[in-house]
Amino acid sequence: MLLDPHSAWDGGTQENVDILVSERSAISELARSIRKELDPSAVPA
Numbered sequence: 599m600l601l602d603p604h605s606a607w608d609g610g611t612q613e614n615v616d617i618l619v620s621e622r623s624a625i626s627e628l629a630r631s632i633r634k635e636l637d638p639s640a641v642p643a
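My numbering puts the first residue of the sequence shown at 599, with every later residue one more than the last.
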């Protein structure tokens, strides 16, 4: 099985993966609030 170089999983520990997942989640939430500020009608409440 070949690993995707852009994948969050690089053979590291589960803790590292959890950190990446939570960072990605925080970034998504930040992006959503920025979009909401820029165009409130574009983001569902």
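Even glycine gets a Cβ: it sits at the ideal position worked out from N, Cα and C.
For the 7 Å CB-CB criterion, residue 640 and residue 633 form a contact.
Boundaries of the alpha helix (DSSP H) around residue 616: 612 to 636.
Taking C-alpha positions only, residue 617 is separated from residue 628 by approximately 16 Å.
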